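Visitor: Encoded as structure tokens, here's the structure I'll be asking about.
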Amino acid sequence: MRTLFQKIFLSFWLAMVLVSGTLIYSVVTTQSQFTLSRSEQSDRTLIPIVAARAADILDDHGMGALADYLTSLQTTLNWEAFLFDDEGKEILSQPTPAEADALAQRGLEASDTKFLVSHGIKYVARRTTGSTGTRYVFVIGTKVESVANVLRAPLGIQILRGAAILFIAGLVCFWLARYITAPIRHLRTATHRLAMGNLSARVGGHDAGRKDELADLSRDFDHMAEQIESLLKSQHRLISDISHELRSPLTRLCVASGLARRHAGPEFSSALDRIDLESRRLNHLIGSLLELARLESGAEILESRSVELESLVREVAADADYEAQSRNRRVRLVSADRCTITGNAELVRAATENVIRNAVSHTEEGTQVDVELQHAPNSQGGDAVIRVRDHGKGVPEASLADIFLPFYRVGDARERSAGGSGLGLSITDRAVRLHGGSVKAENCADGGLVVELKFPLTANETPTAKEAIPVSSGV
Ligand SMILES: Nc1ncnc2c1ncn2[C@@H]1O[C@H](COP(=O)(O)OP(=O)(O)OP(=O)(O)O)[C@@H](O)[C@H]1O
Ligand SMILES: [Mg+2]
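Heads up: the sequence shown at position 69 corresponds to 106 in the numbering used here, and the numbers run straight through without jumps.
Written out as structure tokens, the structure is:
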């Protein structure tokens with residue numbers, strides 16, 4: 038039993054079946070007891086009269102008349118009646134049940150009416166005296182009417198009744214379980230969407246009509262999401278505003294440095310080169326910050342189109358290979374399945390480029406970066422997986438998740454003068470998540486890092502045969 042729905046449904050169902058069973062059982066047992074005590078009261082009045090009548094008939098008219106009388110009792114009242122003499126012998130020598138014999142003995146010794154219930158038959162005995170003064174015991178046996186008789190139906194009907202109880206109980210429990218778990222399901226969907234970076238995720242009006250604790254929880258969640266969204270938005274707005282404000286003085290700095298270069302002598306050229314380098318870095322940093330802020334706002338993904346990943350990855354790898362060759366490294370597209378996703382091609386391109394650029398920077402000189410695009414089927418239709426593997430030092434295990442955080446750089450990258458801003462992988466992470474995908478990094482057993490970008494495929498995307506690119510062709 039995995040889901041709360043199943044647990045609630047099955048436990049309610051079981052409880053309902055048990056309660057119905059117990060109810061039927063208790064009604065059957067107590068009802069027969071109740072009917073019995075009620076009939077005993079009338080028997081105490083009726084039986085002495087009938088007993089006296091039977092004894093009189095025997096004394097006045099003989100055995101034949103008694104036999105007729107007892108038969109009439111059988112046909113009219115459904116009583117099996119017997120008359121015993123004071124030695125406990127049945128007058129008409131009829132075959133008598135053992136219970137009737139035993140009760141006759143008890144009846145002889147007592148002046149009141151005696152009862153015995155055995156195998157669904159109620160026996161009543163009463164001592165009486167005939168018109169000649171002879172003592173007799175009158176005994177009758179009659180079926181006990183009970184609710185249990187209702188249950189003694191043919192097997193087919195019993196099964197039908199059981200199935201009807203199970204079905205109706207199942208229907209009620211199904212509705213109950215759905216009613217209880219619906220807000221939890223809505224809450225879970227909203228939480229999942231929020232965790233995936235969709236700050237506008239809310240439970241909303243799903244449970245508007247409800248007034249219980251679960252509805253309160255949904256409202257609290259919406260309130261919390263509202264607060265988080267407004268906090269993060271103001272933070273992003275601040276970063277974006279600062280970056281914009283920095284752009285203009287930086288542009289002016291570049292213009293001033295150009296002018297200074299024109300008039301300054303060669304002794305200043307190295308200082309001016311440094312100013313240009315730092316300006317370029319600042320420009321790159323501001324560009325990345327603005328890009329990140331735009332991604333965080335989520336507006337970018339609104340321009341969703343069909344993106345052919347195969348050609349996109351091929352192009353990015355080819356460009357990166359061109360740049361890498363000048364640094365004595367190579368980028369190779371190992372294999373590429375045909376995959377189509379829905380999203381923003383520029384974002385996907387930027388995400389892939391960032392990862393490949395990192396790989397080129399960190400792979401050892403003379404080695405190559407392997408890029409792979411794979412169609413990975415799953416229960417939801419499948420994913421497009423872009424895998425980039427380098428042959429460098431990799432990343433310490435403890436930092437594997439942190440490298441996707443803004444400004445995070447692993448020790449030596451931070452110290453390196455040529456180190457980047459530490460925003461590339463954050464941009465990649467946000468871009469992929471905006472497409473409903475995920476990113477992860479792992480160290481390879483034989484050295485190097487492999488970064489995996491996973492994008493959900495467009496719904497009607499069908500798997501096609503792999504189109505492997507020959508290794509020798511480079512990209
Ligand atoms: N392939 C890799 N091998 C080893 N370390 C890596 C690799 N890719 C990323 N890193 C580490 O992760 C850190 C974060 O990478 P990220 O791309 O976010 O920033 P950056 O490359 O330093 O700067 P930017 O991409 O903004 O120019 C890097 O500084 C580096 O320490
Ligand atoms: Mg980078």
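Glycine is no exception: its CB is placed at the ideal position from the N, C-alpha and C atoms.
In this text, all values refer to a predicted model and were calculated from it rather than measured experimentally.
Could you tell me whether the Cβ atoms of I323 and L287 are closer together than 8 Å?
Guide: Yes.
Visitor: How is the alpha helix (DSSP H) around A190 delimited, first residue to last?
Guide: A190 -> no alpha helix (DSSP H), and no H or E assigned at all.
Visitor: Quick check: what's the CA-CA separation for L140 versus T113?
Guide: Roughly 23 Å between the two C-alpha positions.
Visitor: Quick one: any contact between the segment 163 to 172 and the segment 88 to 100, if contact means 3 or more CB pairs under 8 Å?
Guide: Yes: the two stretches touch, three or more of their Cβ pairs being nearer than 8 Å.
Visitor: Is the number of C-beta pairs between the segment 368 to 386 and the segment 489 to 498 that are closer than 8 Å three or more?
Guide: With a cut-off of 8 Å, the segment 489 to 498 and the segment 368 to 386 count as touching, because enough Cβ pairs lie within range.
Visitor: Just to check my reading of the structure: L103 and I94 have Cβ atoms closer than 8 Å, yes? What is that Cβ distance to the nearest angstrom?
Guide: Indeed they touch by this definition, with Cβ atoms about 5 Å apart.
Visitor: According to the Cβ coordinates, are G431 and N480 closer than 8 Å?
Guide: Yes, these two residues count as a Cβ contact at 8 Å.
Visitor: If distances are taken between C-alpha atoms only, which option among M53, P134, D149 and L309 comes closest to D80?
Guide: Comparing Cα positions, the closest option is D149.
Visitor: Determine whether the beta carbon atoms of V469 and V408 lie at a separation below 8 Å.
Guide: In this structure, V408 does not lie closer than 8 Å to V469 by Cβ.
Visitor: Does the Cβ of V432 lie closer than 7 Å to at least one heavy atom of ligand 1?
Guide: At least one heavy atom of ligand 1 is nearer than 7 Å to the Cβ of V432, so yes.
Visitor: What's the C-alpha gap between S285 and G457?
Guide: In a straight line, the C-alpha of S285 is about 22 Å away from that of G457.
Visitor: From this set, A238, L254 and S237, which residue's C-alpha is nearest A245's C-alpha?
Guide: The shortest C-alpha separation from A245 is found at L254.
Visitor: Assign H260 to buried or exposed, taking buried as 16 or more other Cβ atoms, counted over all protein chains shown, within 10 Å of its Cβ.
Guide: H260 is exposed by the Cβ-count criterion.
Visitor: Work out the CA separation of A293 and L319 for me, nearest whole Å.
Guide: Distance between the alpha carbons of L319 and A293: 16 Å.
Visitor: Pairing CB atoms from the segment 198 to 206 with CB atoms from the segment 116 to 126, are three or more of them under 8 Å?
Guide: No, because fewer than three Cβ pairs between the segment 198 to 206 and the segment 116 to 126 fall closer than 8 Å, the two stretches do not touch.
Visitor: Applying the 10 Å Cβ sphere with the 16-neighbour rule, what's the burial state of T400?
Guide: Label assigned to T400: buried.
Visitor: Taking 8 Å as the cut-off, does the segment 349 to 359 touch the segment 385 to 393 (at least 3 CB pairs, one atom from each stretch)?
Guide: Touching, yes, given that three or more Cβ pairs across the two stretches are closer than 8 Å.
Visitor: I need the straight-line Cα distance from V425 to S306, nearest angstrom please.
Guide: The straight-line gap from Cα to Cα measures roughly 39 Å.
Visitor: Give the secondary structure of I196 by DSSP, where H, G and I count as helix, E and B as strand, and everything else as coil.
Guide: I196 falls in the helix class under three-state DSSP.
Visitor: Using only Cβ atoms and a threshold of 5 Å, which residues come within that distance of a heavy atom of ligand 2? Order them by chain position.
Guide: Listed along the chain, these residues meet the criterion: N395, G457 and G461.
Visitor: Which class does R386 belong to by DSSP, given the choice of helix, strand or coil?
Guide: Helix at R386.
Visitor: For S237, count the other beta carbons within 10 Å of its own beta carbon; 16 or more makes it buried, fewer makes it exposed. Which is it?
Guide: Burial call: exposed.
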